[in-house]
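The structure under discussion appears below in the form of structure tokens.
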Amino acid sequence: MSNKSRRYLLKLSYIGTSYRGSQKHVNNAVLDIDSIQGAIEYSMRRFKFSNIPTISLAGRTDAGVHALCTSAHVDLEHSGTLDTENLVGMMNRNLINANHEIRIFSAHEVSKDFHARYSAKSRAYLYRLLIPKDPLDRRFPIAETNRSLFLNMYPQNFDIERLRSGIKLFCGTKDFMTFSARKRDKIPEFEMRRNFVRTLHVTMKEAEPLMSFDPLSKNFDYWHLEFTSRSFLYNQIRRIVGSLIALGSHQVSEEDIQTMLQVPSHHNWNPHVKPAAPRGLYLKNVEYDEEIAREICS
Numbered sequence: 001m002s003n004k005s006r007r008y009l010l011k012l013s014y015i016g017t018s019y020r021g022s023q024k025h026v027n028n029a030v031l032d033i034d035s036i037q038g039a040i041e042y043s044m045r046r047f048k049f050s051n052i053p054t055i056s057l058a059g060r061t062d063a064g065v066h067a068l069c070t071s072a073h074v075d076l077e078h079s080g081t082l083d084t085e086n087l088v089g090m091m092n093r094n095l096i097n098a099n100h101e102i103r104i105f106s107a108h109e110v111s112k113d114f115h116a117r118y119s120a121k122s123r124a125y126l127y128r129l130l131i132p133k134d135p136l137d138r139r140f141p142i143a144e145t146n147r148s149l150f151l152n153m154y155p156q157n158f159d160i161e162r163l164r165s166g167i168k169l170f171c172g173t174k175d176f177m178t179f180s181a182r183k184r185d186k187i188p189e190f191e192m193r194r195n196f197v198r199t200l201h202v203t204m205k206e207a208e209p210l211m212s213f214d215p216l217s218k219n220f221d222y223w224h225l226e227f228t229s230r231s232f233l234y235n236q237i238r239r240i241v242g243s244l245i246a247l248g249s250h251q252v253s254e255e256d257i258q259t260m261l262q263v264p265s266h267h268n269w270n271p272h273v274k275p276a277a278p279r280g281l282y283l284k285n286v287e288y289d290e291e292i293a294r295e296i297c298s
């Protein structure tokens, strides 16, 4: 029986602390196990596919950023029927044996028209904040290490309500050029301006400790900032969170943030704002149209 190329959707999660980011930075034929993409591709190398598997991820994340549930697709050339449960089990065993903090939930065959990135309807991220009840107490729950941002470096007058009030500034359709890190200096800003417009939904919710039985966990208030959009700009969420933290710590005002939004430019970034660290950021979920979702679940 001749081999046929089939496309599969993978659902997965990972802890990004030890990786340079989600995407490989080398030729597809070269192994790059320091990236999420490269590590997953390595976990498939032991299978006897006719092609070398190349993963396409639904969303790119920077070094240190995590994913609770994200997607990828891969084209595999094989004969007969592929046992996807066995594929998932073997991939996870290979990842565990290589000490990778990546886990595959499921694999489903999808049509060749499906693309994990471009078929996505929306993406949701959350940013996890820990605010100490006593700003002078520097003790930190061990389970939260590299899993959240610990706001112990800010003054005692940190105002969570100022942060909450600032969320409204980022909701809706806006030009977020100021809130994106510049990646390519060779392209003039006027050629890229339309690419910086995004429609964003932001909410803030109280959260829980990762391990409530840790005696240090009671010393903190836990908050999740959740962001939903069809797509995001490079460093956009970390810059927005950094702006909200600066607002809550009285380093900037709402008017300062409005200025960054009303005059969108890479040169209009407020120097009093620092992008939030990657360790508190999670890609929470990637959603697809109902028709695609039914195909995946069937």
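Quick note on numbering: UniProt numbering labels position 117 of the sequence shown as 117, and the sequence is numbered without any gaps.
Yeah, the Cβ is synthetic: ideal placement off N, Cα and C, and Gly gets one too.
Nearest neighbour of residue i, chosen from the options [CA to CA]
{"i": "S212", "options": "E206, R279 and A143", "result": "A143"}
{"i": "S56", "options": "S253, G38, C69 and K48", "result": "G38"}
{"i": "Q23", "options": "R123, R117, L76 and S79", "result": "R117"}
{"i": "E206", "options": "D214, H224, L216 and V197", "result": "H224"}
{"i": "S106", "options": "S119, T84, M90 and K112", "result": "T84"}
{"i": "R147", "options": "D289, E208 and T81", "result": "E208"}
{"i": "V197", "options": "N99, R230 and M204", "result": "R230"}
{"i": "P141", "options": "N235, N195, D214 and T228", "result": "D214"}
{"i": "H79", "options": "S111, R6, G172 and M204", "result": "The sequence shown places Ser at residue 79, not His. Looking at the Cα atoms, R6 is the closest of the given residues."}
{"i": "L169", "options": "T54, C69, N270 and I240", "result": "I240"}
{"i": "M91", "options": "V65, I104 and N99", "result": "I104"}
{"i": "T203", "options": "G172, R182, N195 and S111", "result": "G172"}
{"i": "E50", "options": "E291, Y288, N99 and K4", "result": "Reading off the sequence, residue 50 comes out as Ser, not Glu. Of the listed residues, the one whose Cα sits closest to S50 is K4."}
{"i": "S35", "options": "H100, F227 and S165", "result": "H100"}
{"i": "K112", "options": "L200, L76, D32 and V88", "result": "L76"}
{"i": "Y288", "options": "T70, L31, H25 and F232", "result": "T70"}
{"i": "L163", "options": "N268, I257 and T54", "result": "I257"}
{"i": "S165", "options": "L10, L87, E254 and P53", "result": "E254"}
{"i": "R182", "options": "N268, G242 and T54", "result": "N268"}
{"i": "G280", "options": "T259, Y127 and N195", "result": "Y127"}
Nearest-angstrom beta carbon gap, residue j and residue i [assumed within contact, 8 Å]
{"i": "A276", "j": "L130", "result": "Not really, about 12 Å apart at Cβ, beyond 8 Å."}
{"i": "H73", "j": "F114", "result": "6 Å"}
{"i": "L68", "j": "S13", "result": "6 Å"}
{"i": "Y8", "j": "E109", "result": "6 Å"}
{"i": "V65", "j": "P278", "result": "5 Å"}
{"i": "R138", "j": "N157", "result": "With 8 Å as the limit, R138 and N157 do not qualify as a contact, their Cβ atoms being about 18 Å apart."}
{"i": "S180", "j": "Q251", "result": "At roughly 21 Å, the Cβ-Cβ gap does not stay under 8 Å, so S180 and Q251 are not in contact."}
{"i": "F227", "j": "L200", "result": "6 Å"}
Bridge partner(s) assigned by DSSP for residue i
{"i": "H66", "result": "Y282"}
{"i": "G172", "result": "L200"}
{"i": "P132", "result": "F220"}
{"i": "V74", "result": "Y8 and I55"}
{"i": "T228", "result": "A124 and H201"}
{"i": "K21", "result": "According to the sequence provided, residue 21 is Gly. The question's Lys does not apply to it. According to DSSP, which records beta bridges pairwise, G21 is partnered with D62."}
{"i": "L149", "result": "L129"}
{"i": "S13", "result": "R103"}
{"i": "E255", "result": "DSSP output for E255 lists no bridge partner at all."}
Residue-chain proximity (residue i, chain B), Cβ-Cβ < 8 Å
{"i": "V252", "result": "Going by chain labels, chain B is absent from the structure shown, which holds only one protein chain."}
Do the segment 207-222 and the segment 233-251 touch if we need at least three Cβ pairs shorter than 8 Å?
no
Decide if the segment 167-177 is in contact with the segment 255-268; the criterion is three or more beta carbon pairs, one per stretch, under 8 Å apart.
yes
Using 8 Å as the cut-off, can you tell me whether the segment 8-25 makes contact with the segment 48-68, which would need three or more C-beta pairs spanning the two stretches below that distance?
yes
Any chance the segment 41-51 sits against the segment 88-106, with 3 or more Cβ pairs inside 8 Å?
yes
Measuring CB atoms only, is the segment 123-140 touching the segment 267-287, in the sense that at least three cross pairs come out at less than 8 Å?
yes
Could you pull out every unbroken beta strand (DSSP E) segment of at least 3 residues lying fully inside the segment 81-129, listed in chain order?
As far as the segment 81-129 is concerned, its whole beta strand (DSSP E) runs of at least 3 residues are 102-110.
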